[in-house]
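The structure under discussion appears below in the form of structure tokens.
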Amino acid sequence: MTEPDATGRFGRFGGRFLPEALMPAAKAVEAAFREAWADPAFTTEYRRLLTHYAGRPTPVTECARLSRALGVRVLLKREDLAHTGSHKINNVLGQALLARRTGKRKLIAETGAGQHGVATATAAALLDLSCTVYMGEEDVRRQALNVFRMELLGAEVVPVSSATNAGTLKEATNAALRAWVNETEEAHYCLGSVMGPHPYPWMVREFQRVIGDEARAQCAELLPTAVPDVVVACVGGGSNAAGTFAGFVGTPARLVGVEAAGGSAVDKGVLGVLHGFTSHFLQEESQVLEAHSISAGLDYPGVGPEHVHLAERGRAQYPSVTDEQALRALRLVTRLEGILPALESAHALAWVVDAAGTGELPAGSTVLVTLSGRGDKDVQQIREHLR
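So the sequence shown is numbered by full-length UniProt numbering: it starts at 1 and just counts up by one.
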């Protein structure tokens with residue numbers, strides 16, 4: 001996975017499509033990131049926080065009982081054990097440091113499942129920045145515990161909806177971009193995934209590549225072949241998958257990003273522009289459609305541009321699974337391994353379970369799955385569906 005071209009594109013996808021009022025702010029973020037990422041003082045502080053605050057490196061866990069049940073060797077990269085309970089903290093610490101370096105006093109963020117919102121509120125508290133998080137009204141309802149966590153951390157949570165939707169990640173992103181227009185002088189937009197205008201898809205992937213780099217080194221110690229046969233991660237916007245794939249894209253490993261069946265933008269989306277970038281979006285007659293998933297983190301109608309580029313090149317594949325498949329996999333993994341995955345991660349596990357059952361994963365294969373977050377936040381919703 002390489003740097004995007006001069007226009008911020010990965011192949012045909014990406015770029016920077018913004019109102020004139022936001023263009024200088026986005027270009028300033030790019031310039032600041034390029035300078036900071038080349039500055040040893042910045043990267044040393046970033047890595048110090050990853051180690052001593054976020055708790056990295058996260059372990060790779062061998063799933064003995066699940067492996068016996070499926071006939072394939074399953075390893076989990078445990079981002080659920082990072083501080084705040086998901087991979088989101090990796091990106092947010094980097095962007096919060098960047099905000100402080102550029103003299104910004106406030107973080108603006110959007111969130112779906114709440115994990116990015118909690119991570120942003122956490123980094124803001126750590127670095128003494130104010131924080132406003134925009135969240136769809138439907139997601140506020142589904143993720144009430146994470147809303148309370150953000151408020152405890154000192155963040156303001158702003159519920160948003162639209163005339164046609166009760167409010168999910170799409171509406172939250174719309175609201176965050178509108179707020180950024182009015183606050184570019186004092187606020188940094190801390191975007192949570194590998195989407196949005198350039199440089200966000202590239203910058204967020206670079207902050208998340210620690211997942212793949214660690215996993216690659218850990219697999220080299222664990223496996224006789226050094227590299228797993230298959231690397232799997234769930235995909236909404238796609239940040240945990242992009243970070244994971246970055247460590248393995250130069251290896252023979254098969255890369256699989258698993259989308260929700262109701263939000264399968266790589267496969268079912270068509271070329272369009274939304275939220276400042278070109279990618280595949282679910283749409284009909286140029287109108288963006290609502291995505292659906294039991295997981296609040298996977299119901300975005302588009303996907304990060306680099307993922308569509310990887311799919312177009314044939315380097316990664318992007319199947320989808322249903323809510324029911326994800327819930328079955330969640331119950332199986334929880335009971336066999338004592339690990340409760342987030343609903344997002346359950347989608348990646350569901351593909352592994354089904355692919356092992358159909359023979360798409362040959363017996364004896366080695367599979368690394370990134371567990372992007374823990375399922376504590378989803379317990380009430382899981383309970384409602386499994387009753």
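Glycine is no exception: its CB is placed at the ideal position from the N, C-alpha and C atoms.
At which residues does the beta strand (DSSP E) containing Pro159 begin and terminate?
Position 159 of the sequence shown, counting from 1, holds the residue named residue 159. Counting along the chain, the beta strand (DSSP E) containing Pro159 begins and ends at 156-160.
Evaluate the contact criterion for the stretch 156-176 versus the stretch 199-207: three or more CB pairs, one atom per stretch, below 8 Å.
The stretch 156-176 vs the stretch 199-207: no contact.
Buried or exposed, going by whether 16 or more other CB atoms sit within 10 Å of the CB of Arg34?
Position 34 of the sequence shown holds residue 34. Residue burial is scored here from C-beta neighbours: Arg34 has fewer than 16 other C-beta atoms within 10 angstroms and is therefore classed as exposed.
Tell me, please, which residues DSSP counts as bridged to Arg387.
Residue numbering aside, residue 387 sits at position 387 when the sequence shown is read from its first letter. Answer is none; Arg387 lacks a bridge partner.
Quick one: using the 10 Å Cβ neighbour count with 16 as the cut-off for buried, is Phe277 buried or exposed?
Sequence index remark: in the sequence shown, residue 277 carries index 277 (1-based). Counting Cβ neighbours within 10 Å, Phe277 comes out buried, since at least 16 surround it.
Extent of the continuous beta strand (DSSP E) to which Ile211 belongs:
Within the sequence shown, the letter at position 211 stands for residue 211. Run containing Ile211: none in the beta strand (DSSP E); it sits in the alpha helix (DSSP H), 200-222.
Presumed contact (8 Å Cβ cut-off) between Ser372 and Asp323, rounded CB distance:
In the sequence shown, residue 372 corresponds to position 372, counting from 1. In the sequence shown, residue 323 corresponds to position 323, counting from 1. Ser372 to Asp323, Cβ: 17 Å. No contact.
Alpha carbon to alpha carbon, what distance is there between Leu255 and Val227?
Locating residue 227 in the sequence shown gives position 227, counting from the first residue. Locating residue 255 in the sequence shown gives position 255, counting from the first residue. Approximately 12 Å between the Cα atoms of the pair.
Unbroken stretches of the alpha helix (DSSP H), 4 residues or longer, contained in the stretch 55-111
Those alpha helix (DSSP H) runs which fall completely within the stretch 55-111 and span 4+ residues are 64-70, 88-101.
Bridge partners for Gly278 per DSSP, in chain order?
Against the sequence shown, residue 278 aligns to sequence position 278. What sits at residue 278 in the sequence shown is Thr, not Gly. By DSSP's assignment, Thr278 forms a beta bridge with Gly14, Val273.
Alpha-carbon to alpha-carbon, Gln287 and residue 390
An answer regarding residue 390 cannot be provided, because it is not within the stretch 1 to 387 covered by the chain.
Got a sec? Which residues, its chain only, sit under 6 Å from Val147 by beta carbon, not counting five neighbours each side?
For the purposes of this step, residue 147 is identified with residue 147 of the sequence shown, where counting begins at 1. Counting only Cβ-Cβ distances below 6 Å, and skipping sequence neighbours, we find Val140, Val157.
Verify whether the separation of the beta carbon atoms of Gly302 and Ala265 is less than 8 Å.
Reading the sequence shown from its first residue, position 302 is the one you call residue 302. Reading the sequence shown from its first residue, position 265 is the one you call residue 265. Cβ distance < 8 Å, so Gly302 and Ala265 count as in contact.
Leaving out five residues before and five after Leu340 in sequence, what residues of the same chain have Cβ atoms less than 6 Å from its Cβ?
What you label residue 340 is simply residue 340 of the sequence shown in a count that begins at 1. Once the five neighbours on either side are set aside, the close Cβ partners of Leu340 are Thr334, Gly375.
Is it true that the stretch 359-366 meets the stretch 82-89, where meeting means three or more beta-carbon pairs spaced less than 8 Å apart?
Judged by pairs of C-beta atoms under 8 Å, the stretch 359-366 does not touch the stretch 82-89, as fewer than three such pairs exist.
For the stretch 294-313 and the stretch 230-238, state whether three or more C-beta atom pairs, one from each stretch, are separated by less than 8 Å.
Here the stretch 294-313 makes contact with the stretch 230-238; the two share three or more CB pairs at distances below 8 Å.
Give the list of continuous alpha helix (DSSP H) stretches no shorter than 4 residues that lie fully inside the stretch 297-361.
DSSP runs (the alpha helix (DSSP H)) wholly in the stretch 297-361: 305-313, 323-337, 343-358.
Contact the stretch 2-13 vs the stretch 305-312: 3+ CB pairs below 8 Å:
Between the stretch 2-13 and the stretch 305-312 there are three or more C-beta pairs closer than 8 Å, enough to call the two in contact.
Proximity below 8 Å, CB of Cys131 to CB of Ala121
Position 131 of the sequence shown, counting from 1, holds the residue named residue 131. Position 121 of the sequence shown, counting from 1, holds the residue named residue 121. Contact annotation: Cys131 and Ala121 have beta-carbon atoms nearer than 8 Å.
Taking the straight line between their C-alpha atoms, what separation do you get for Ala38 and Lys268?
Taking the sequence shown and counting its residues from 1, one reaches residue 38 at position 38. Taking the sequence shown and counting its residues from 1, one reaches residue 268 at position 268. Those two C-alpha atoms are separated by around 38 Å.
Determine, using beta-carbon pairs with one atom in the stretch 109-119 and one in the stretch 88-96, whether at least three such pairs fall under 8 Å.
Because the criterion of three Cβ pairs below 8 Å is met, the stretch 109-119 and the stretch 88-96 touch.
Taking Ala233 as part of the beta strand (DSSP E), name the residues at either end of that continuous run.
Stepping through the sequence shown from its first residue, residue 233 is reached at position 233. Run containing Ala233: 230-234, per the beta strand (DSSP E) assignment.
Integer-rounded CB distance, given that Ala32 should sit under 8 Å from Arg100:
As a working mapping, residue 100 is identified with position 100 in the sequence shown. As a working mapping, residue 32 is identified with position 32 in the sequence shown. With 8 Å as the limit, Arg100 and Ala32 do not qualify as a contact, their Cβ atoms being about 11 Å apart.
Secondary structure at Met135, three-state DSSP: helix, strand or coil?
Position 135 of the sequence shown holds residue 135. Three-state DSSP puts Met135 in a strand.
Gln380 versus Leu169: straight-line alpha-carbon distance, rounded:
As a working note, residue 380 is residue 380 in the sequence shown. As a working note, residue 169 is residue 169 in the sequence shown. In this structure, the alpha-carbon of Gln380 lies about 20 Å from that of Leu169.
Mark Gly167 as exposed unless 16 or more other C-beta atoms lie within 10 angstroms of its C-beta, in which case mark it buried.
As a first step, residue 167 must be located in the sequence shown, where it is residue number 167. Classification of Gly167: buried, given that the 10 Å Cβ count is 16 or more.
For Arg149, collect the residues of the same chain with a Cβ closer than 6 Å to its Cβ; drop the 5 residues on either side in sequence, then sort them by chain order.
Counting from 1 along the sequence shown, the entry for residue 149 is found at position 149. When the five nearest sequence neighbours on each side are left out, the beta carbons in the same chain lying within less than 6 Å of the beta carbon of Arg149 are those of Val118, in order along the chain.
Beta carbon proximity, Val204 to chain C, threshold 8 Å:
Considering every chain present, this structure includes no chain C. It has just one protein chain.
Throw me the rounded Cβ distance for the Leu330 and Ala346 pair, which I believe falls under 8 Å.
Counting from one through the sequence shown, the residue named residue 330 turns up at place 330. Counting from one through the sequence shown, the residue named residue 346 turns up at place 346. At roughly 4 Å, the Cβ-Cβ gap stays under 8 Å, so Leu330 and Ala346 are in contact.
Can you list, in chain order, the residues of its chain whose CB lies under 8 Å from that of Ala220, leaving out five sequence neighbours each side?
For the purposes of this step, residue 220 is identified with residue 220 of the sequence shown, where counting begins at 1. Excluding positions up to five away in sequence, the list reads Ala226, Val227.
Do Lys377 and Leu18 come within 8 Å of each other at the CB atom, strictly closer than that value?
As a first step, residue 18 is located in the sequence shown; it is residue number 18 there, counting from the start. As a first step, residue 377 is located in the sequence shown; it is residue number 377 there, counting from the start. Against a cut-off of 8 Å, the Cβ pair of Lys377 and Leu18 comes out as no contact.
How many angstroms separate the CA atom of Glu138 from the CA atom of His275?
Sequence index remark: in the sequence shown, residue 138 carries index 138 (1-based). Sequence index remark: in the sequence shown, residue 275 carries index 275 (1-based). Spanning the alpha carbons of Glu138 and His275 requires a straight line of approximately 20 Å.
Judging by CA-CA distance, which residue of Gly262, Val60, Leu222, Val210 is the nearest neighbour of Thr244?
As a working note, residue 244 is residue 244 in the sequence shown. When Gly262, Val60, Leu222, Val210 are compared, the shortest CA-CA separation from Thr244 is found for Val210.
How many Å lie between Ala311 and Phe281 at the Cα?
Counting from 1 along the sequence shown, the entry for residue 311 is found at position 311. Counting from 1 along the sequence shown, the entry for residue 281 is found at position 281. For Ala311 and Phe281, the distance between alpha carbons rounds to 14 Å.
Short Cβ contact (8 Å threshold) for Leu81 with Val369:
By 1-based counting over the sequence shown, the position of residue 81 is 81. By 1-based counting over the sequence shown, the position of residue 369 is 369. No; because the gap between Cβ atoms is not below 8 Å, this pair is not in contact.
Near Leu155, what residues of its chain come up, given a Cβ to Cβ distance below 6 Å and the 5 sequence neighbours on each side ignored?
As a position in the sequence shown, residue 155 is number 155, starting the count at 1. The amino acid at residue 155 is misidentified as Leu; the sequence shows Ala. Take Ala155, set aside five residues on each side of it, and the residues of its chain with a beta-carbon closer than 6 Å to its own are Ala121, Cys131, Val133, in chain order.
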